[in-house]
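Visitor: Numbers given in my numbering equal positions in the sequence shown, counted from 1, plus 1261.
Backbone N, C-alpha and C fix where the C-beta goes; we use that ideal spot for every residue, glycine too.
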Amino acid sequence: MRLNLDKELKEELQGLKEITAQLQMVENQKAELLMQLYRKQGIVQFLQTKINQRNEAKEKEDK
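Spelled out as structure tokens, the structure:
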């Protein structure tokens, strides 16, 4: 009886370890995707600023 409980507990623990490892992988992927998103948002913001500056310069030129 005790051996069966020990075996079940070991199996349960192994399952939990595997789930924990998978969760850590997902967290790492999430962090990487967030970094990519922040970089892309920064690029978009930079380009929008450049476009706005160009448009303002063109408006001044046209006046």
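1) Could you pull out every residue in the same chain whose Cβ sits closer than 7 Å to the Cβ of residue 1290, ignoring the five residues on either side in sequence?
2) Using only the alpha-carbon positions, how far apart do residue 1292 and residue 1300 sit?
3) To the nearest angstrom, report how far apart residue 1272 and residue 1311 are at their CA atoms.
4) Quick check: the Cα distance between residue 1280 and residue 1287, rounded to an integer number of angstroms?
Guide: Working from what's here:
1) none
2) 12 Å
3) 59 Å
4) 10 Å
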